[in-house]
Amino acid sequence: MASLVGSRVERKEDKRFLTGKGRYTSDINLVNQTHAVFVRSPHARAKIKKLDISKASKASGVVSILTGNEIAEDKIGGLIAGWAIRSEDGTEMKCPANPPLAKDNVNFVGDPIAIVIADSLDEAKVAAEMVKVDYKVLKAVTGTADAMKGDAIHDGINKNLCFDWLLGDRQKVKEAFDKADKVISIDIINNRLVPNAMEPRACVADYNSGSDEITLYTTSQNPHLSRLIMSAFGNVAPEHKLRVVAPDVGGGFGSKINVYNEDIVCSWAAKKINRAIKWVAERSESFLTDIHGRDHVTHAELAVTNDGKFLGFKNETIANLGAYARVFGTVTPTYLFGPCATGVYDIPAAYSNVKAVFTNTAPVDAYRGAGRPEATYTIERLVEKTAMELGIDRTEIRKKNFPSSFPFKQTLVHTVDSGDYVAGLDKAKQMADYDGFQARKKDSESRGKLRGIGVTSYFEACGIAPSAAVMSLGCGVGLWESAEVRFNPTGQVTVYTGSHSHGQSHQTTFAQIAADELGVPMENIDIVHGDTDKGTFGMGTYGSRSLTVGGIAIVKACNKIVEKGKRVAAKMLEASPDEVDFKDGEFIVAKSNKKKTIGEVAFALYLPGSRDSEFKSPLPEGEEPGLKETSFFDPANFSFPAGSHIAEVEIDPDTGEVKLEKYTACDDFGRIVNPMIVEGQVHGGLAQGIGQALYENAEYDETGQLMTGSYMDYTMPRADNFPEFNIGYTCTHATTNPLGVKGCGEAGAIAAPPTVMNAVIDALGGQEITMPATAEKVWKACKSMKKSNAKAA
Amino acid sequence: MTEITLDVNGKKVTKTVPDNTLLSTFLRDHLNLTGTHVGCDTSQCGACVVHVDGESLKSCTTLAADIADSKVTTIEGLASNGKMHPMQEAFKKMHGLQCGFCTPGMVMSAIDLLNKNKDPSDKEIRDWLEGNICRCTGYQNIVAAVKEASSKM
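Top to bottom, those sequences are chains A and B.
Per our numbering, residue 136 is the first one in the first sequence, and the count goes up by one each step.
Per our numbering, residue 89 is the first one in the second sequence, and the count goes up by one each step.
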């Protein structure tokens, strides 16, 4: 039987989505349901002096209006930070309470204050307008760079500083810098982004007073984790009385990892009013209240020799957490960022120092790549600048500092198990016709245009798991993953995974894996996820972990099935288990033609009755009936995808318009399960990364109003913004899992911003500009370039 | 309240709805045709695109009353006798979708393009789809799907 792993298999989930039969949270309507609208703060920072719901409560159709007072009375807990980070001076991080409904203070525009529940959505909207809130407006703190100088926005948190964290050795770095021929420094702003999954967040909460059970349908990337947090920290209901279902989810990109205020409030309120409640975010609510991404201000320095050898690296970053620290809020700018800031280079001395600050803006948390795009942007902009200043080819200086062998003990934390960075960069150069660039540049210049080329070599630590590692870094839970493989008596298989697909194609790739392991046709395998009542507890999908952790749990559970099958087949075939081989779905006694299919063994294990003969159990002594196995996989290490990307841009100096002419990505994801799906993941990641470089920016004014709160103002990349991407691979297998897989979901978003910006800045003759490289900024840079050229002449 | 009659996916339907009912609400909430999605509130994202009298239209900014007595086709109405429309087949074959949320609008919009231009270039496809936002695919395989469909339709 040909292996399905590695094949371009069409997706099992597609027909449902293509015929309108997908079932997203907002498609769910329950009998006798009510509709909720949240009253939100229009101010970035204010005290709530008075909240008057008397008039609104009497409005037509209103069922109930609940506020922060009732939440507090019922001791419903707030939202939490999932990782505890310790400052350089040994003190623990400081985080404010984040109640699901604000009672006394509001800290960002969109902070929810009350839930208005009515028979219809229109009635809820009208009543919400009638809720009167008397605010004492306070001066907001919004900017990242100056946040420590502003008023303290949370009681007891000086300088708005959550933590001041250090990774690395300052003394060793100082020594390295003392020895250097040159120090190249750079100042970087990593612009704030809005994840913008196309499905706005939504939830439908139901309560059954007979069984005292709450069911929450919600747009989540990790329903089990949501249930755990809502139960253990939110106090909403014990886990066994709370079912969380994340049905079809329309994209996440990290924004749907968090439990949100609305999940907790609707679940709690549904029990209070003893009716189902439906809430669907409007896009403007998504902009205001979904977690945002990035938002760093960084100063970095690289100590080098004149011939381009890297000696030391400093990274001083201020990371904006927004108003509150959420689940991955504190780990994103620390352990997901700091270790990767030295990039793919063997730099003997390095440190990352991160000051995380609170501001009166939406919470910032994990967005596709989470920390690694910020790290890669920092080092790759700095390396490009260094190459330019030293007059060394940008690819040669990179090669000169790549690790000489693998495993590669990276300076700060990670030991990278496998890779071949030179092969990746060489292949990318060849794919991009790097050597032909000068001719293309001349051609552009002959048409009055500027042309630039940019390179990035990146690695990332993903497959977010090793429990021992993440817990030693401050994570509140171990990040293993579960799988359960169940055979039906008639031979079909259901695989329950603790990870969750919101576009990643698990129904297909996981079925490919199980089909190979079990020798069962793919069409007879169903993948089930997203319902705490169905599968075993699992950790969900983020950090490119589904395949590298969840997929391996499936392999392990299948292995257990085969082991049990061998023992039973041996008994059925009157052989000993060590004489039985398993191949292509058949148990075969060595050197004989005696065999049983896995379907026959499964059938026998469910002990079908027979009237014709004396019952002879197929089970060996002590073997339990049934065929179902569970595995919890906890890998030995992160996985480390890597690659090199090359971009070429052409700039019209008269308009400042940047045209991305070519984009080449050559990635090493280890073994590829489904090339079609991997291509799709790369394309999507690139679009988000290029979006950050050229188009997207979440901007607050000084009063904390989000200036880019709709698709009219926030530039979402469209089809006509991109060239056709040129995608290729090199392959070194991961050594830390049996499939050799590394993860591919975040690579594009990690590598693309520096690749594109390096090209833009190359075209601008080395003039630094910030992301996004809008026409206005580029046009201004072109003007000053003309001036300085004129001066030089 | 207004009584509105429409031909939706070949079936005549009459409903009495509030005057301000949007076509997207009419389809989703009154006819339970939840394949048409709403992804924004400014008529930008295109997840809500349906066909009205054969032309693509954003149903989230169309009053149902405004198109009374028209012929509406939604994503649910494309397949015939259990066989998917060539555009649906092409999206599947070329992996033109991931999370599936923007997909109904994308497919409806792309069909309208091919109705008007049987063999569009890549650039024409990308320009046409300017009114449909996808956050998952980077558009490349959507463009490939439309090209694939153009060879089959």
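Note that the Cβ used here is the ideal one computed from N, Cα and C, for glycine as well.
Query, Result
"Following the continuous alpha helix (DSSP H) through A:P483, name the residue where it begins and the one where it ends.", "Here A:P483 belongs to no alpha helix (DSSP H), and DSSP marks it neither H nor E."
"Looking only at DSSP bridge pairs, what is A:I321 linked to?", "A:A435"
"Taking its Cβ as the centre, do 16 or more other Cβ atoms sit within 10 Å of A:Y741, making it buried, or is it exposed?", "exposed"
"Determine the chain A residues that contact B:T162 at a beta-carbon separation under 8 angstroms, and present them in chain order.", "G155"
"Use the C-beta contact count for A:Q306: other C-beta atoms within 10 angstroms, 16 or more gives buried, fewer gives exposed.", "exposed"
"Alpha carbons only, please: which of A:V276, A:L139, A:A340, A:G863 is nearest the one belonging to A:Q816?", "A:G863"
"Could you list which residues in chain B have their beta carbon closer than 7 angstroms to that of A:N331, in chain order?", "R223"
"Which word fits A:R429, buried or exposed, when buried means at least 16 other C-beta atoms lie within 10 angstroms of its C-beta?", "buried"
"Are the Cβ atoms of A:L874 and A:V808 separated by less than 9 angstroms?", "yes"
"My assumption, with CB atoms under 8 angstroms, is that A:G791 sits in contact with A:C917. Please give the rounded CB distance.", "6 angstroms"
"So, at 8 angstroms on beta carbons, what are the nonlocal neighbours of A:S581 in its own chain, with the 5 sequence-adjacent residues on each side left out?", "none"
"List, from N- to C-terminal side, the alpha helix (DSSP H) runs of 4 residues or more that fit wholly inside the region 802-847 of chain A.", "810-829"
"How is the alpha helix (DSSP H) around A:T644 delimited, first residue to last?", "641-653"
"Give the C-beta separation of A:I514 and A:A522 to the nearest angstrom, bearing in mind that I take them to be a contact with Cβ-Cβ under 8 angstroms.", "Contact doesn't hold; Cβ gap of about 12 angstroms is too wide."
"So B:A237 and B:A178 are supposed to be a Cβ contact under 8 angstroms. How far apart are they, rounded?", "4 angstroms"
"What residues from the region 193-220 of chain B come within 9 angstroms of chain A, judged by C-beta to C-beta, listed N to C?", "V195, D210, K211, I213, R214, D215, W216, L217, E218, G219, N220"
"Consult DSSP for B:G143 and reduce its assignment to one of helix, strand or coil.", "Per the sequence presented here, residue 143 of chain B reads as Glu, with Gly not at that position. Residue state, collapsed to three classes: strand."
"Check the Cβ of B:S167 against every Cβ in chain A and list those closer than 8 angstroms, keeping chain order.", "Before going on, a small fix: residue 167 of chain B reads as Ala here, not Ser. T154, listed in chain order."
"Restricting to Cα atoms, I'd like to know which of A:F622, A:M657, A:F445, A:K729 is closest to A:V308.", "A:F445"
"If we count Cβ pairs, one from each stretch, closer than 8 angstroms, do we get three or more for the region 159-174 of chain A versus the region 250-258 of chain A?", "yes"
"Check the Cβ-Cβ distances between A:S419 and every residue of chain B, and say whether any is below 9 angstroms.", "yes"
"Spatial neighbours of A:K314 within its chain, please: C-beta separation below 7 angstroms, excluding the five flanking residues on both sides.", "L446"
"Is B:V231 close to chain A, meaning its C-beta is less than 9 angstroms from at least one C-beta of that chain?", "yes"
"With a 10 Å radius around its C-beta and 16 neighbouring C-beta atoms as the bar for buried, classify A:K576 as buried or exposed.", "buried"
"Does B:V234 come out as helix, strand or coil in the three-state DSSP assignment?", "helix"
"Do B:V138 and B:V43 count as a contact pair if the criterion is CB distance below 9 angstroms?", "Because chain B spans 89 through 241 in this model, residue 43 of chain B falls outside it and cannot be assessed."
"Assuming contact is defined by CB atoms lying nearer than 9 angstroms, are A:Y846 and B:C187 in contact in what I supplied?", "no"
"What three-state label does DSSP hand A:E145 in the structure shown?", "coil"
"Exposed or buried, A:M892, counting other C-beta atoms within 10 Å across all chains shown (16 or more means buried)?", "buried"
"Which residues in chain A sit within 7 angstroms of B:A135, going by Cβ to Cβ distance?", "M333"
"Per the DSSP calculation, A:Y395 is bridged to which residue(s)?", "DSSP lists no partner for A:Y395."
"Would you list the one or two residues that DSSP bridges to A:F445?", "A:V439"
"Spatial neighbours of A:I781 within its chain, please: CB distance less than 6 angstroms, with the 5 preceding and 5 following residues excluded, ordered by chain position.", "A563, A567, V590, T799"
"Beta-carbon within less than 7 angstroms of A:G157's beta-carbon, same chain only, minus the 5 sequence neighbours each way: which residues are those?", "R151, D383"
"Give the single residue among A:V489, A:I392, A:A501, A:G824 whose Cα lies nearest to the Cα of A:G665.", "A:I392"
"Leaving aside the five residues before and after A:T667 along the sequence, list all residues of the same chain whose C-beta is less than 6 angstroms from its C-beta, in chain order.", "P358, H359, R362, R378, V379"
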